[in-house]
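Residue numbers (UniProt numbering), protein chains in the order written: chain E, 1 to 181; chain G, 1 to 181.
All C-beta atoms, glycine included, are put in the ideal place defined by N, C-alpha and C.
Since the model is a prediction, treat every value here as computed from it, not as a measurement.
There are 2 protein chains.
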Amino acid sequence: MMSRPAVHPVEAPPMTNDAEIPRVRMKDFQGMPGTLGGLFLRMCQFAFAVISLSVMATTSDFPSVTAFSIMCFSYLVAAVSLQCLWSLLLAIADIYALSVRRSLRNVGVISLFTIGDGVTSTLTFAAACASAGITVLISNDVDKCNVNHCTRFMSATAMAFLSWFTVSPSFFLNFWSLASR
Amino acid sequence: MMSRPAVHPVEAPPMTNDAEIPRVRMKDFQGMPGTLGGLFLRMCQFAFAVISLSVMATTSDFPSVTAFSIMCFSYLVAAVSLQCLWSLLLAIADIYALSVRRSLRNVGVISLFTIGDGVTSTLTFAAACASAGITVLISNDVDKCNVNHCTRFMSATAMAFLSWFTVSPSFFLNFWSLASR
Numbered sequence: 001m002m003s004r005p006a007v008h009p010v011e012a013p014p015m016t017n018d019a020e021i022p023r024v025r026m027k028d029f030q031g032m033p034g035t036l037g038g039l040f041l042r043m044c045q046f047a048f049a050v051i052s053l054s055v056m057a058t059t060s061d062f063p064s065v066t067a068f069s070i071m072c073f074s075y076l077v078a079a080v081s082l083q084c085l086w087s088l089l090l091a092i093a094d095i096y097a098l099s100v101r102r103s104l105r106n107v108g109v110i111s112l113f114t115i116g117d118g119v120t121s122t123l124t125f126a127a128a129c130a131s132a133g134i135t136v137l138i139s140n141d142v143d144k145c146n147v148n149h150c151t152r153f154m155s156a157t158a159m160a161f162l163s164w165f166t167v168s169p170s171f172f173l174n175f176w177s178l179a180s181r
Numbered sequence: 001m002m003s004r005p006a007v008h009p010v011e012a013p014p015m016t017n018d019a020e021i022p023r024v025r026m027k028d029f030q031g032m033p034g035t036l037g038g039l040f041l042r043m044c045q046f047a048f049a050v051i052s053l054s055v056m057a058t059t060s061d062f063p064s065v066t067a068f069s070i071m072c073f074s075y076l077v078a079a080v081s082l083q084c085l086w087s088l089l090l091a092i093a094d095i096y097a098l099s100v101r102r103s104l105r106n107v108g109v110i111s112l113f114t115i116g117d118g119v120t121s122t123l124t125f126a127a128a129c130a131s132a133g134i135t136v137l138i139s140n141d142v143d144k145c146n147v148n149h150c151t152r153f154m155s156a157t158a159m160a161f162l163s164w165f166t167v168s169p170s171f172f173l174n175f176w177s178l179a180s181r
């Protein structure tokens, strides 16, 4: 909102030409792409996903787990790997934007980030929920926990949940900045 | 973007006074609250949630299902019931808005709708994922399907997924109209 003189002697000021001058309706809000907060969020997502992945990867033996559990945990590993890659990529983009002081406010770029965040967070959340259900079922009722390293599965699941939890703010901030342009 | 004459003889046109006149940046987009599309979405959510709930409710006996499965399916029933109530409430609000031709475009109302949609859809999705994992585990591996009515559990889970799938557009449209005000 700029204050303008109410009376113009000859012509309207050039800033009324909305089509040419991009209007910035929102400040660089911490957490959006290209800010330090955004970089911090990406780092958290990446860290949690990497921990989850490494916990699953170092569990080499799945002796008495049923075939479907293995399928489900493989899906968890796949979803968390994707999350890992995506967060790393966007962290690099954030570092680049911060170092050259460029703003990542292109509509196409923000759309891409939003869609990617939505897809990866949905996949991670679904994998974490399904794994949580199966892990608790195996550990509580069927009682195979000594052989199945249930603690490992549980911590991997918890890390996947934490990763999803840190992707959500990125997604909402991207979506918000896309809608409020 | 309105075309204006480039030369004003005396004063600027009054529509430049952004603070007083609320600008409508987006038309009534089908699917938003208070539109026929929004009512249709709510009806779909409600229908799928009710089908899921009634399938679970008519399964009176859980003979050989383990304690944790019962807990998980109870959570599914709770999440789907909440979804049911919420969608019914908002369908009534839509019908009211359509019948008196009022627009539901208050910031507070839209915020409430967005938060409610976000919470119910997350709960429904989590319940559906966990139930899907457990149902497939029970039916495939532990092989108790004849006694456990696995088909019923599966259809209830599928309906919960469909309900989540129809809540998502409502949520995104609400969030979008909140951000683009």
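Quick one: residues in its chain with C-beta nearer than 7 Å to the C-beta of residue i, no 5 flanking neighbours on either side, listed in chain order?
i: residue 155/G; result: 55
i: residue 72/E; result: 130, 131 and 134
i: residue 149/G; result: 59
i: residue 52/E; result: 80, 156, 159, 160 and 163
i: residue 117/E; result: 167, 170, 171 and 174
i: residue 120/G; result: 82, 83, 86 and 167
i: residue 113/E; result: 33, 90 and 174
i: residue 49/G; result: 80, 83, 84, 87 and 163
i: residue 43/E; result: 91
i: residue 123/G; result: 79 and 82
Going by beta carbon distance, what residues of the same chain come within less than 8 Å of residue i, once the five residues before and after it are set aside?
i: residue 169/G; result: 31 and 41
i: residue 126/G; result: 79
i: residue 36/G; result: 30 and 98
i: residue 107/E; result: 178 and 181
i: residue 47/E; result: none
Starting from residue i, trace the alpha helix (DSSP H) both ways and give me its first and last residue.
i: residue 32/E; result: Segment: none, residue 32/E is in no alpha helix (DSSP H) and carries neither H nor E.
i: residue 115/G; result: 107-137
Does residue i come out as helix, strand or coil in the three-state DSSP assignment?
i: residue 169/G; result: helix
i: residue 101/E; result: coil
i: residue 181/E; result: coil
i: residue 59/E; result: coil
i: residue 85/E; result: helix
Leaving out the 5 sequence neighbours to the left and right, which residues in its chain are closer than 6 Å to residue i when beta-carbon positions are compared?
i: residue 38/G; result: 31, 32 and 94
i: residue 151/G; result: none
i: residue 45/E; result: 87, 163, 166 and 167
i: residue 77/G; result: 56
i: residue 75/E; result: 127
i: residue 136/E; result: none
i: residue 204/G; result: Missing from the structure shown is residue 204/G; chain G here goes from 1 to 181 and no further.
i: residue 153/G; result: 135
Looking at residue i and the ligand FMN, is the gap between the Cβ and the nearest heavy atom below 7 Å?
i: residue 36/E; result: No copy of the ligand FMN appears in this structure; indeed no ligand is present at all.
Do the region 157-166 of chain G and the region 160-172 of chain E touch if we need at least three Cβ pairs shorter than 8 Å?
-> no
The region 90-107 of chain G touching the region 84-97 of chain E, judged by at least three CB pairs closer than 8 Å | no
Residues from the region 144-176 of chain G in contact with chain E, defined by Cβ distance under 7 Å | 175 and 176
Which residues, in chain order, does the region 88-99 of chain G contribute to contact with chain E at a C-beta distance below 7 Å?
-> none
Chain G contacts made by the region 111-124 of chain E, where a contact means CB separation under 7 Å = none
Proximal residues, the region 125-138 of chain E versus chain G, C-beta separation under 9 Å = 125, 126, 127, 128, 129, 130, 131, 132, 133, 134, 136, 137 and 138
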